[in-house]
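See structure below.
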Amino acid sequence: MSTWFDEDVTCPACGATIHARLAHGIHAARAPEVREQLFARTFHRITCTTCAATFTAQRPFIYTDTERRHWVQVAPAIERPRWPELETATGALYDRAFTGSPLALELREGMKLRLVFGLEELREKLVIWRANLDDAIIECLKAQLLAREPRLLHAKTIVVDAVTDGALELVVDGTERLAIAAPLVEQFHDDTRLPGHFPELFGGRYVSLFRLTGPRYRWAQPA
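Note that our numbering numbers the sequence shown so that position 74 is 442, with each residue one more than the last.
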C-alpha cells in the first residue's frame, strides 16, 4: 500500500506555512490516480492558502508498480551530484525490500530498478515506458543529440516530455522543445551495438545522460 505523511511546507513565494500530505511510498497498482497525477504534473502540487501561488513539493519517495514491473527511488533534484552514493544505496534498499520470502523473490523477477532525481525525471521514465521504449536507448539518443548540438552540453535538464507515434518531444531546461523523429528512435532501438558503445547507460540503476556529462562521471556498476 502507499504510505503518506503530513508535513508543514513553506511557500517559496510568500513564506507562509502550509500543511500538506506528501508521499513516502507509492504503489501505483493500488493508486492508479497517482500515476495519472504524475503525467499531469499535479502530484505533490500545492496551492498556498495565503497568496494562492502554486509550487511542487520535492521529497524523496519510492514509486513501485508491480503490474508494470517498475521500482523507482525518487531523490530530490538538488542531490543529483551525489548519484554514485545514492545509486549504491538504492540497490541496497531494493535488495532489502525483496528479501525474506518466496513471494518477494517472485515480485522481484523482471523489475526495472531505477534511481531518478525529481518528479520530472520520474515522469520521463513513465512516459518512455508507457510507449514501450527502452530508457537506456533514449539516453543514447540524447548523447547523439549532444554530439550534434554541443551547445546542449550546458543544459541542466533534457527530458522526454511526450512520445507521439514513435517520435520523441524533448524539453531542454524547461523551455526549449526539440523533436527526434520516429525512424531514428526505431533505428536506435534496433542497434545492438549500443550497450557496447555506452556501457555506462546499460549496467546501472541511474540510467541518465548525466552519467556521461555530469561532474561525477563513472562507469556503471552491474545491476
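Yeah, the Cβ is synthetic: ideal placement off N, Cα and C, and Gly gets one too.
Note down the Cα distance separating residue i from residue j, rounded to an integer number of angstroms.
{"i": "Thr560", "j": "Thr422", "result": "45 Å"}
{"i": "Phe570", "j": "Thr385", "result": "43 Å"}
{"i": "Asp400", "j": "Leu487", "result": "It should be pointed out that residue 400 corresponds to Pro in this sequence rather than to Asp. Computed Cα separation, rounded: 16 Å."}
{"i": "Ile596", "j": "Ala499", "result": "Absent from the structure is residue 596, since the part of the chain shown begins at 369 and ends at 591."}
{"i": "Ala425", "j": "His412", "result": "5 Å"}
{"i": "Met369", "j": "Phe466", "result": "15 Å"}
{"i": "Asp376", "j": "Trp451", "result": "27 Å"}
{"i": "Thr418", "j": "Thr378", "result": "11 Å"}
{"i": "Arg545", "j": "Leu536", "result": "10 Å"}
{"i": "Lys510", "j": "Ile526", "result": "8 Å"}
{"i": "Arg398", "j": "Asp558", "result": "34 Å"}
{"i": "Val540", "j": "Phe407", "result": "18 Å"}
The alpha helix (DSSP H) that contains residue i, what's its start and end?
{"i": "Leu552", "result": "Ala550 to His557"}
{"i": "Thr581", "result": "Phe578 to Thr581"}
{"i": "Glu488", "result": "Leu487 to Arg498"}
Taking the CB atoms as reference points, tell me whether residue i and residue j lie closer together than 8 Å.
{"i": "Ala391", "j": "Ile414", "result": "no"}
{"i": "Glu517", "j": "Phe485", "result": "no"}
{"i": "Trp439", "j": "Lys480", "result": "yes"}
{"i": "Val531", "j": "Val495", "result": "yes"}
{"i": "Cys508", "j": "Phe566", "result": "yes"}
{"i": "Thr458", "j": "Leu490", "result": "no"}
{"i": "Asp529", "j": "Leu521", "result": "no"}
{"i": "Gly393", "j": "Thr410", "result": "no"}
Could you tell me the boundaries of the beta strand (DSSP E) in which residue i lies?
{"i": "Asp502", "result": "Careful: Asp502 lies outside any beta strand (DSSP E) and carries neither H nor E."}
{"i": "Leu520", "result": "Per DSSP, Leu520 belongs to no beta strand (DSSP E) and is neither H nor E."}
{"i": "Leu538", "result": "Ala535 to Val540"}
Residue i by DSSP, collapsed to three states: which one?
{"i": "Ala388", "result": "strand"}
{"i": "Ala588", "result": "Because the pLDDT at Ala588 is just 44, under 50, the model does not fix this residue reliably, and the point stays unresolved."}
{"i": "Glu544", "result": "strand"}
Quiz prompt | In chain order, each alpha helix (DSSP H) run of at least 4 residues that lies wholly inside the region 391 to 464 | solution = 400 to 408
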